[in-house]
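Novice: Just so we're aligned: 54 in the numbering used here is position 56 of the sequence shown, and the numbers increase by one with no gaps anywhere.
Ideal Cβ placement from N, Cα and C applies to all residues, glycine included.
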Amino acid sequence: MPPTIHIPGKPRISHQLKSDDVLWRYVDAAKFLDFLENGTLFFCRADNFSDKFEGAFTPTFRKDIEGSYLANGIDFTYAQFKQRMRQTVFINCWHKDQDDSAAMWALYGKSECSVALTTTVGRLAECLAKAELSYDLAIEKVEYIKHWRDPKIDITPYARVFAYKTKAYQHEKEVRVLLDRSLNEFEGEMPTGGMPIEVDRLSLLRSIVIAPEAPAWFDQLVRQAAARYGLSAPIRRSKLAADPI
């Protein structure tokens, strides 16, 4: 098999994903208004996530990395390597499902005044490509593993280590966009919190879904705000708001 060619700014899409897979991003009212005003997706720096297994390698890979440094006389430790990866990879997170999730509303909407932005893998990739970034980008379906059991993982390139999470998070059904700045060795200091990346809102959005418990005034506000910013994506209330028969 020929080697994968990495083209900066053109997202690679995991073979586990299809172009029409539906993605959800649950946001509170403030983040929704920020998206309308600035048209950006936020990429969080990897070392800001609370999961201690974020970016964790397996015992086998740690041994290989340490052995390689030692054999080649490189004055760099595994701990330094792991820290560099966590400081130079930025992540934008989505939930993959056909319908909305009560758990995701609770975890990431966090309030009755929240919305979910939906897109597809294909739309997301196209919008990111149009942004013409100078960094390596990949859209990955997260795999959930037990790190302590030393599973076999594919981390080519190394930033793919962030496509693996501990099984405790498998309910999130996560898809991640990985923005890798570790390859740009002559860059200066990295942003500490994260990076807002401007995208075409009209092309990105498949729909806007309003939280199931949202009051009527918030429903109206969402529709008015979307109209004011010229969004053409359909807006609807969550199907979870329907009364049971």
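Does the segment 125 to 145 come close enough to the segment 206 to 219 to have 3 or more Cβ pairs within less than 8 Å?
Specialist: Flag = no, the segment 125 to 145 and the segment 206 to 219 do not touch.
Novice: Shorter than 6 Å, the distance from the beta carbon of Phe51 to the closest heavy atom of the ligand PLP, or not?
Specialist: Ligands displayed in this structure: none; no statement on the ligand PLP is therefore possible.
Novice: If we call anything under 7 Å between Cβ atoms a contact, is Leu34 one with Ala225?
Specialist: Residue numbering aside, residue 34 sits at position 36 when the sequence shown is read from its first letter. Residue numbering aside, residue 225 sits at position 227 when the sequence shown is read from its first letter. No, they are not a contact pair.
Novice: Could you check the C-alpha separation between Ser230 and Ala54 for me, to the nearest Å?
Specialist: By 1-based counting over the sequence shown, the position of residue 230 is 232. By 1-based counting over the sequence shown, the position of residue 54 is 56. Going by the C-alpha atoms only, they are around 41 Å apart.
Novice: Decide if Phe74 is buried, meaning its Cβ has at least 16 other Cβ atoms within 10 Å, or exposed.
Specialist: Stepping through the sequence shown from its first residue, residue 74 is reached at position 76. When all chains shown are included, Phe74 counts as exposed.
Novice: Spatial neighbours of Gln85 within its chain, please: C-beta separation below 7 Å, excluding the five flanking residues on both sides.
Specialist: Position 87 of the sequence shown, counting from 1, holds the residue named residue 85. Here the set comprises Arg43, Asp45, Met188.
Novice: Pick out whichever of Ser132, Glu211, Ala212 has its Cα sitting closest to the Cα of Glu185.
Specialist: In the sequence shown, counting from the first residue as 1, residue 185 sits at position 187. Closest option to Glu185, Cα to Cα, is Ser132.
Novice: Per DSSP, which residues does Ala114 bridge with? Please list them.
Specialist: As a first step, residue 114 is located in the sequence shown; it is residue number 116 there, counting from the start. Note: Ala114 sits in a beta bridge opposite Tyr24, Val207.
Novice: Compare the beta carbon distance of Leu39 and Ile195 with 7 Å and say whether it is the shorter of the two.
Specialist: If you number the sequence shown from 1, residue 39 lands on position 41. If you number the sequence shown from 1, residue 195 lands on position 197. A contact, by the Cβ cut-off of 7 Å.
Novice: Below 8 Å on the Cβ atoms is my contact criterion, and I expect Leu203 with Leu115 to pass it. Report the Cβ-Cβ distance as a whole number of Å.
Specialist: In the sequence shown, residue 203 corresponds to position 205, counting from 1. In the sequence shown, residue 115 corresponds to position 117, counting from 1. Yes, Leu203 and Leu115 are in contact; Cβ-Cβ is about 6 Å, under 8 Å.
Novice: When you compare only the Cα positions, how much space is there between Asp62 and Thr56?
Specialist: Sequence index remark: in the sequence shown, residue 62 carries index 64 (1-based). Sequence index remark: in the sequence shown, residue 56 carries index 58 (1-based). Cα-Cα distance, rounded: 10 Å.
Novice: Can you list, in chain order, the residues of its chain with a C-beta nearer than 6 Å to that of Asp18? Leave out the 5 residues immediately preceding and following it.
Specialist: The residue you call residue 18 lines up with position 20 of the sequence shown. Excluding positions up to five away in sequence, the list reads Thr118.
Novice: Taking its Cβ as the centre, do 16 or more other Cβ atoms sit within 10 Å of Asn70, making it buried, or is it exposed?
Specialist: Start at 1 with the first residue of the sequence shown, and residue 70 comes out as number 72. Classification for Asn70: exposed.
Novice: Classify Ala9: buried if its beta carbon has 16 or more other beta carbons within 10 angstroms, exposed otherwise.
Specialist: Indexing the sequence shown from 1 puts residue 9 at position 11. According to the sequence provided, residue 9 is Pro. The question's Ala does not apply to it. Label assigned to Pro9: buried.
Novice: Spatial neighbours of Ser99 within its chain, please: CB distance less than 6 Å, with the 5 preceding and 5 following residues excluded, ordered by chain position.
Specialist: Reading the sequence shown from its first residue, position 101 is the one you call residue 99. Closer than 6 Å at Cβ, skipping near neighbours: no residue.
Novice: Does the beta-carbon distance from Cys125 to Asp178 come in below 7 Å?
Specialist: One-based indexing of the sequence shown puts residue 125 at position 127. One-based indexing of the sequence shown puts residue 178 at position 180. No, the Cβ-Cβ distance between Cys125 and Asp178 is not below 7 Å.
Novice: In three-state DSSP terms, what is Asp134?
Specialist: Here residue 134 is taken as the residue at index 136 of the sequence shown, counted from 1. DSSP places Asp134 in strand when its eight states are reduced to three.
Novice: Got a sec: is the Cβ-Cβ distance from Leu177 to anything in chain D below 7 Å?
Specialist: Of the protein chains in this structure there is only one, and it is not chain D.
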